[in-house]
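Q: I have a structure here, written as structure tokens, and I will follow up with some questions on it.
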Amino acid sequence: MTEERFIDLVRIEQVPLRRFLLALCSGDSATADDIAQDSLVRAYVASGSFKGLSSFRTWLFRIAYNCYIDHCRKTQPQRLPIDGREALNKTADDDPDHLFRFQNLYQAIDRLPEKEKAAVILFYFEDRSIKEIAAILGIPSGTIKYHLSSGRSHLKELISL
Amino acid sequence: MTDKELEGLLKESKPMVKDDYGFMLEVIRRTSAIKGVKSEVDRQRKRWHKVLWITFFIGIAAGILIYDTFAFLNPRVCYTVAVIAITITLVIVTTLDIKKQSVIRNVAKTSE
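Right, here's the structure in full:
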């Protein structure tokens with residue numbers, strides 16, 4: 001894959017990729033963009049081994065998810081107060097009740113176990129199919145369904161607290 | 001809260017990310033900076049592919065040779081030895097491939 005081709009594909013995929021990482025990083029856009037840059041560098045170096053067995057997007061998301069996991073292992077998990085406005089690009093003028101609901105939801109997502117969190121984000125925020133999520137996270141489809149179901153149950157409990 | 005309500009809330013709460021020109025500029029700068037590393041990784045990958053195929057064929061040839069040479073003694077034993085020879089070669093091939101992947105990963109990490 002040439003550099004130009006890679007850049008063209010990244011230009012198309014950069015928004016969904018950054019959105020996925022932003023949700024994983026609970027609205028911390030600086031960290032999300034750092035991980036996105038690292039994953040794109042890794043993807044570029046490894047692009048020679050991309051055989052097209054999955055779509056470029058699925059391949060890129062898998063690399064990004066692995067980078068995110070590496071980042072979590074390197075750094076102590078920080079429970080920063082989640083700023084719903086930053087995550088959703090909202091301003092202080094927006095409906096405060098609406099913002100509170102978003103903030104509540106993001107805090108609940110942040111408390112989910114890693115695989116559940118990633119499965120919920122990919123399914124509901126990125127509209128990815130179970131098969132694609134399985135390819136990205138490297139686990140069977142049945143396990144993804146289980147993670148989605150338990151993720152929903154956990155979210156309901158956490159939101160209603 | 002029902003499942004439908006939760007799903008509705010999740011679907012309307014997608015994070016908003018705008019197309020960032022600065023982000024793309026940084027990607028272009030970084031990829032240009034590691035062009036040399038990428039070509040080295042690609043070169044290594046091609047070399048390893050050759051090594052893997054050569055090792056694979058040597059294993060097959062060794063298996064056939066063992067079978068042909070000693071078949072008159074005890075065909076069943078020779079067949080087993082040949083299969084073991086091929087299996088050992090395949091294990092070597094797989095190990096080399098894993099090592100290759102880790103070398104490539106390390107080069108990629110260093111480049112960051």
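So the protein sequences, as listed, match chains A and B. Take the first sequence: its position 56, counting from 1, is numbered 56 in my numbering, and each next residue is one higher. Take the second sequence: its position 13, counting from 1, is numbered 13 in my numbering, and each next residue is one higher. Cβ atoms here follow ideal geometry from the backbone N, Cα and C, with glycine treated the same way.
Quick one: Cα of ALA43/A to Cα of ILE7/A, how far?
A: Using only the alpha carbons, I get a separation of about 11 Å.
Q: Would you verify that the beta carbon of ARG152/A is, or is not, closer than 8 Å to some beta carbon of chain B?
A: It does: the Cβ of ARG152/A has a partner Cβ on chain B nearer than 8 Å.
Q: If you pair each beta-carbon of the stretch 56 to 67 of chain B with each one of the stretch 76 to 84 of chain B, do three or more pairs fall below 8 Å?
A: Cβ pair count under 8 Å is three or more, so yes.
Q: In the structure shown, what three-state DSSP assignment does LEU80/A receive?
A: With a pLDDT of 48 at LEU80/A, under the threshold of 50, the predicted position of this residue should be treated as unreliable, though the coordinate-derived value follows. LEU80/A: coil per DSSP, three-state reduction.
Q: Sorted by chain position, which residues of the same chain lie with C-beta nearer than 6 Å to ARG57/A's C-beta, five sequence neighbours on each side aside?
A: Once the five neighbours on either side are set aside, the close Cβ partners of ARG57/A are GLU13.
Q: Going by C-alpha to C-alpha distance, which of SER54/A, ALA119/A and ARG11/A sits closest to ALA36/A?
A: Minimum Cα distance to ALA36/A is reached at ARG11/A.
Q: Quick check: the Cα distance between ARG62/A and ALA135/A, rounded to an integer number of angstroms?
A: Each residue's alpha carbon lies about 8 Å from the other.
Q: May I ask which residues mark the beginning and end of the alpha helix (DSSP H) holding LYS51/A?
A: No alpha helix (DSSP H) holds LYS51/A; DSSP gives it neither H nor E.
Q: What would DSSP say about GLU126/A, mapped onto helix, strand or coil?
A: Looking at GLU126/A - three-state DSSP - the assignment turns out to be coil, as it is neither helix nor strand.
Q: Determine whether the beta carbon atoms of GLY48/A and VAL93/B lie at a separation below 8 Å.
A: The answer is no: Cβ separation not under 8 Å.
Q: Which of the three DSSP states, helix, strand or coil, is assigned to GLY22/B?
A: In this structure, GLY22/B counts as helix in the three-state DSSP scheme.
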